[in-house]
Amino acid sequence: MTARSSLQKATDTVLNALSLQDNSAPDILSTLETEHDEVQDLLSKLVQSDNGREQKALVGKIKAALIPHAKAEEKVVYDAVLALKGVPAKVDGNEGYIEHGLASQTLTKLSALTANTPEFKATAKVLKELLDHHIKEEERNIWPRVKENFSDERRIQMNREFLAAKKRVKVS
Ligand SMILES: [Fe+2]
Ligand SMILES: [Fe+2]
């Protein structure tokens, strides 16, 4: 192989690697980050609102964003982390499942309450605190495990699986 063709080959390899990072093939972690930001933004608006109609609309939006995210995350991310060797990874995976359960219960309770009452506002605050904590831990504990244990290609594949799993979730 000439120096020129091996340089071309190296260039192709780099370009291929870069093309895997482009927007047409996102890493699962970038999708999760975007969705976390969206939910946290809706939660901030919810706790700041003093308008019952707006609060109800925001609860609907939070439900529609959060439930498919959480279910698909369990299937594609948590189950992969739970399958890793070692107790700490399994603790993180279980903790995630438990927190999703608590968030889902709190969201169900919030949906049943009359908007703009002290109980509604308190429940909305608890939901926000719970999810702020959950998202912070997920990004700090789960994501480094995903980065460390799954290749760039695998994380792109996980992203496809995540988007497909989300579509199968029904929000009532
Ligand atoms: Fe998440
Ligand atoms: Fe989560």
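The end of the sequence shown is residue 178 by the numbering used here, with every number in the run present. Even for Gly, the Cβ is constructed at its ideal location relative to N, Cα and C.
In the displayed model, T112 falls within a helix according to three-state DSSP.
Leaving aside the five residues that flank E80 on each side, the residues in its chain whose CB is nearer than 8 Å to its CB run, in chain order, G102, Y103, H106. For the 7 Å CB-CB criterion, L116 and V177 do not form a contact. Selection K77, A109, I141 evaluated against A170 yields K77 as nearest (Cα-Cα). The beta carbons of K172 and P74 sit about 4 Å from each other, so the pair counts as a contact at 8 Å.
One thing to note: L137 has its Cβ no nearer than 7 Å to the Cβ of A95.
Note that the C-beta distance between V82 and E167 is below 7 Å.
The set of residues with any CB-heavy atom separation to ligand 2 below 6 Å comprises, in chain order, A76, E79, G102, H106, H140, E144. For L38, the distance from the CB to the nearest heavy atom of ligand 1 is below 6 Å. Rounded to whole angstroms, the gap between the alpha carbons of F126 and E41 is 24 Å. Annotation note: the region 46 to 98 contains the following uninterrupted alpha helix (DSSP H) runs of length 4 or greater, listed N- to C-terminal: 58 to 79, 85 to 88.
The DSSP-derived three-state label of A130 is helix.
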